[in-house]
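Everything on this sheet refers to the single structure shown next.
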Amino acid sequence: MMAFWDKISYMVQILTACIIFAVPARKRSHFAVRAWGSAGVLVASSYFVNLYYGIPENGAFPFTYWAFYIVVCIMFAKFVLDATWQQAAYCAVCGCGMQHIAFDIYLIYQISGGESGLISLLIYVVIYLLFYQFFAKKLPEKGEFAASRQALFPIATIILLVWILSILDNSAIAGFEAGMWHRIIYRVIDGLCCFYVLWVQINQKEKMSLQRELDGINSAWRQQKKQYQVTSETIESINRKCHDLKHQIRALREITDEKEKEEYFNEIENDIMIYDTALNTGNKALDTVMMEKGLFCKNHGIQWSCMADGTKLDFMKLEDIYAIFGNALDNAIAAVLDLKEPEKRVISVKIINQNSLLMIQIQNYYENKLHFEGGLPVTTKKNKRDHGYGMKSIRYTAEKYNGTITVSGEGNIFMLQILIPVQRGGC
1420 MMAFWDKISY MVQILTACII FAVPARKRSH FAVRAWGSAG VLVASSYFVN
1470 LYYGIPENGA FPFTYWAFYI VVCIMFAKFV LDATWQQAAY CAVCGCGMQH
1520 IAFDIYLIYQ ISGGESGLIS LLIYVVIYLL FYQFFAKKLP EKGEFAASRQ
1570 ALFPIATIIL LVWILSILDN SAIAGFEAGM WHRIIYRVID GLCCFYVLWV
1620 QINQKEKMSL QRELDGINSA WRQQKKQYQV TSETIESINR KCHDLKHQIR
1670 ALREITDEKE KEEYFNEIEN DIMIYDTALN TGNKALDTVM MEKGLFCKNH
1720 GIQWSCMADG TKLDFMKLED IYAIFGNALD NAIAAVLDLK EPEKRVISVK
1770 IINQNSLLMI QIQNYYENKL HFEGGLPVTT KKNKRDHGYG MKSIRYTAEK
1820 YNGTITVSGE GNIFMLQILI PVQRGGC
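Counted the way this note's numbering counts, the sequence shown spans residues 1420 to 1846.
Structure (structure tokens):
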């Protein structure tokens, strides 16, 4: 039985490791059939090859022999995953690294005098489960490995060097004989190298995720800045035209006394009043965003109240004010538009200066259940990759001024509260 296992053990270990890293990634159809079917064929092939040709231990043959397993593992990953060759190679190399760590721990147990087959099996099971939980599940982003050439080259190079040294250590090559403790120390270092490589992959993936998030926030901020400039110019133009029209209407009203024309002019004047600046907070950016969102609310049956002294925001950049209130009000408007009861379509905005703190508070009703990550609500839009940056942009902007934000949703009332320390000369 042991002779049979020796002929298939490495193929079983390396394919299982590859499957573990493949499970969280985007898979081809009929993944289970593909994986276990092809694994069965490869394991059987491995048995017969080793039965008739044996496992080489001398000269250059060991390198060719073991390299063949790596190639098979890459092809296996490509066969079961909906991935590029680079991504398949990345998956295979990560699997080889994990298998090598388990193999090192197994050898340390064996070198130390351990003989239990059950404990040897348990070593592999525990290592594979731990690496699945803390490494394999975290590496894919939306089912894809970040397997650029820059990411693949260092991990493949280091794993390859470790793998070559391991072959030399296990081969009958002069100059590589060592005592028990030397071999144990080597295996510890060998395993730590593989662990370090995989740990670096997790850190790089997290850094890339943070960079994409920051890029999304910056993109949203630039868009808000551009929108503020366009909106500000548009509103100023509308106000000028409306101001001129009001004077023209008053002049026309003095010319005729006909009732029908009077009603007609009253209707026109009321329509024009919609575009007049109804809110003067003392801050240009706040007035701009309030008028823009106010027009939308008026046209969509949304009531809102605003208690704000815009002069308290004078220490902030205009585009930052627009970014905070633009994103916050967009979220509030989107939430109340989903409400079935028109009377609940209400938005409240407050800006208060208390105890050297500027407090910005925006409240609205909502229906959908809130889910939080990192203290912020998760976007309910389907395309989460391109959305969800609004709240992050608000937090990012608030933190520029050493501020904090808190979000709550008790009693189906969503409340966003921003606290910013008042700067000298500001409020």
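C-beta atoms are modelled at their ideal positions from N, C-alpha and C, and glycine is treated no differently.
DSSP, read as helix, strand or coil, puts Lys1769 in strand.
Nearest to Ile1578 by C-alpha distance, out of Val1619, Lys1717, Ile1530 and Ile1813, is Val1619.
Comparing alpha carbon positions, the residue from Ile1824, Phe1734, Ile1603 and Gly1745 closest to Asp1523 is Ile1603. By alpha-carbon distance to Ala1575, the top candidate from Trp1424, Thr1816, Lys1703 and Ala1511 is Ala1511. It is roughly 29 Å from the alpha-carbon of Tyr1484 to the alpha-carbon of Ala1565. A distance of 8 Å or more separates the beta carbons of Ile1439 and Tyr1525. Where Ile1839 is concerned, the enclosing beta strand (DSSP E) starts and stops at Ile1832 to Pro1840. The residue among Leu1748, Asp1706, Val1442 and Phe1833 with its C-alpha nearest the C-alpha of Cys1716 is Leu1748. Met1726 sits in a strand when the DSSP states are folded into three classes. Nearest in C-alpha terms to Ser1724, of all of Leu1584, Ile1770 and Lys1731, is Ile1770.
Under the Cβ criterion (8 Å, minimum of three pairs), the segment 1722-1736 does not count as touching the segment 1787-1799. Counting other Cβ atoms within 10 Å of its Cβ, Thr1700 reaches 16 or more and is therefore classed as buried.
Going by C-alpha positions, Arg1453 is about 8 Å away from Arg1447. In terms of Cβ geometry, Ile1621 and Leu1537 do not form a close pair [threshold 8 Å]. Rounded to the nearest whole angstrom, the C-alpha separation of Asp1609 and Gly1793 is 37 Å.
Among the bridge pairs identified by DSSP, Tyr1784 is matched with Ile1832. Non-local beta-carbon contacts of Met1627 in its own chain, meaning distances under 7 Å to residues more than five positions away in sequence, involve Ala1565 in chain order. Rounded to whole angstroms, the gap between the alpha carbons of Phe1423 and Leu1541 is 19 Å. In the DSSP assignment, Leu1617 is bridged to no other residue. Within the model, the alpha-carbon separation for Lys1759 versus Gln1630 is close to 39 Å. Contact between Asn1774 and Ala1754 does not hold, since their C-beta atoms are separated by about 30 Å, which reaches or exceeds 8 Å. Scanning its chain for C-beta atoms nearer than 7 Å, with the 5 sequence neighbours on each side dropped, one finds around Lys1497 the residues Trp1504 and Ala1507, in chain order. For a cut-off of 8 Å, the C-beta gap from Val1462 to Met1430 is around 5 Å, short enough to register as a contact. When rounded, the separation of the alpha-carbon atoms in Lys1736 and Leu1705 is 11 Å. Within the same chain, and ignoring the five residues on either side of Arg1764 in sequence, the residues whose Cβ sits closer than 7 Å to its Cβ are Gly1720, Ile1721, Gln1722, Val1755 and Leu1758.
Exclusion of the five residues before and after Ile1832 leaves Gln1782 and Tyr1784 as the residues of its chain whose Cβ lies within less than 7 Å of its Cβ. According to the DSSP secondary-structure assignment, Thr1825 is paired through a beta bridge with Gln1836. Shown here for Ile1520: same chain residues with a beta carbon closer than 7 Å to its own, the five before and five after excluded, namely Ile1546, Gly1610, Cys1613 and Phe1614 in chain order. Per DSSP, reduced to three states, the secondary structure at Lys1446 is strand.
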